[in-house]
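All residue numbers for the sequence shown refer to our numbering, where the first residue is 49 and numbers rise by one. Beneath this line is the structure, given in structure tokens, with notes to follow.
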Amino acid sequence: MRPCFPSIDRQAPEEEKEELMAPALPRLGLTMEDGDQPETPTTWHDSAPEVIDDVEGENERPVRVYADGIYDLFHFGHARALEQAKKLFPNTYLLVGCCNDEITHMYKGKTVMTESERYESLRHCKWVDEVIPDAPWVITQEFINKHKIDYVAHDALPYADTSGAGNDVYEFVKAIGKFKETKRTDGISTSDIIMRILKDYNKYVMRNLARGYSRKDLGVSYVKEQQLRVNMGITKLREKVKEQQEKLHTVARTAGMHHSEWVENADRWVAGFLEKFEEGCHIMVRILEESIRSYYANRVFRPSAQHGNCH
């Protein structure tokens, strides 16, 4: 059963406020006493969103801005979007909604982090004043009224509503004039991070095996593990040989030697050795695979042979 998370905000008990509001450690994500935001250097990949200075009737209280998303593998692109939302108005209270696992897996796909981990990542972002768990996939008027939302902040790209409620997830808030645009950060996204891992999958598997994870922890078969170890051994050997070659060339240059013929012969010998070594490794892997197949085949057919006369 999924744990129930109440709305998570940054309101501290009275006895803790003095410590949290000390000049050396201002409360992150909240406005300062004089109404000024803490100085933070910002680099925009696109033009920064326009800060709205004069909003009629909003100078007496913080403008409640809502941003939502999945925030899987929380990264600086997420943080920059939330920073923009926080800085839309001089005095902003930023609420951030995060969809739970059930609705996210249904409409978008599997996440790397659990809903609890995603909520906790947001809670530690300095721009966020309040985290709203179990956020709806599509924002409704009822949700806006419940949380007293003045504006919704997101990038302006249309997001297909896979729930079937409309063409764009933010179609309703755009129609009622409560949508404020933020800019995306180019070159970083959750999908990009996952693709980087998949691109170097074998290296990350070997990295974790070397750190003590078992092949079962990583969902890797025995044959795959042995192949990776052999390939890694070949790679390390190549690096070692290359290192020794560079040392030999350095020594030859330092001593003023010009034995180009000897160097060429040495290079050919090394290349031939590596070729034979790799060939032997591949033969070993094939023998290993055949042995495993034979082992499992015998386990499957042996019971049939033993009970063949029972019919």
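Each residue gets a CB set at the ideal place from its N, CA and C atoms; glycine is no exception.
Straight-line gap, glycine 214 to alanine 183 (C-alpha atoms, nearest Å) | 17 Å
Assign leucine 246 to buried or exposed, taking buried as 16 or more other Cβ atoms, counted over all protein chains shown, within 10 Å of its Cβ.
-> exposed
When we look at the beta-carbon of tyrosine 167 and count the other beta-carbons within 10 Å, is it buried (16 or more) or exposed?
-> The residue in question, tyrosine 167, is buried, as its Cβ has 16 or more Cβ neighbours within 10 Å.
Expected contact under 8 Å - CB spacing of threonine 230 and glutamine 292 to nearest Å = So it is not a contact: roughly 54 Å between Cβ atoms.
Report the rounded CA-to-CA distance for glycine 157 versus lysine 290, giving the unit in angstroms.
-> 44 Å
Among Gly267, Leu285, Glu338 and Ser237, the one whose alpha carbon lies nearest that of isoleucine 118 = Ser237
Residue burial classification, glycine 145 (beta-carbon count within 10 angstroms, cutoff 16) = Buried, because 16 or more other Cβ atoms sit within 10 Å of the Cβ of glycine 145.
According to the Cβ coordinates, are leucine 170 and phenylalanine 124 closer than 8 Å?
-> It is not a contact, given that the beta carbons lie outside the stated cut-off.
Looking at the structure shown, is leucine 170 part of a helix, part of a strand, or coil, going by DSSP?
-> helix
Note the first and the last residue of the continuous alpha helix (DSSP H) segment covering alanine 201.
-> Where alanine 201 is concerned, there is no enclosing alpha helix (DSSP H), although the beta strand (DSSP E) around it starts and stops at 199 to 203.
Could you pull out every residue in the same chain whose Cβ sits closer than 8 Å to the Cβ of threonine 188, ignoring the five residues on either side in sequence?
-> Phe220
Quick one: any contact between the stretch 249 to 257 and the stretch 265 to 279, if contact means 3 or more CB pairs under 8 Å?
-> yes
Could you check the C-alpha separation between serine 342 and glycine 281 for me, to the nearest Å?
-> 26 Å
What runs of the alpha helix (DSSP H), each 4 residues or longer, lie entirely inside the stretch 113 to 172?
-> 124 to 134, 149 to 155 and 163 to 171
Does the Cβ-Cβ distance between valine 268 and lysine 226 come in under 8 Å?
-> no
Could you tell me which uninterrupted beta strand (DSSP E) segments, each at least 3 residues in length, are contained entirely in the stretch 247 to 297, listed from first to last along the chain?
-> none
For arginine 255, collect the residues of the same chain with a Cβ closer than 7 Å to its Cβ; drop the 5 residues on either side in sequence, then sort them by chain order.
-> none
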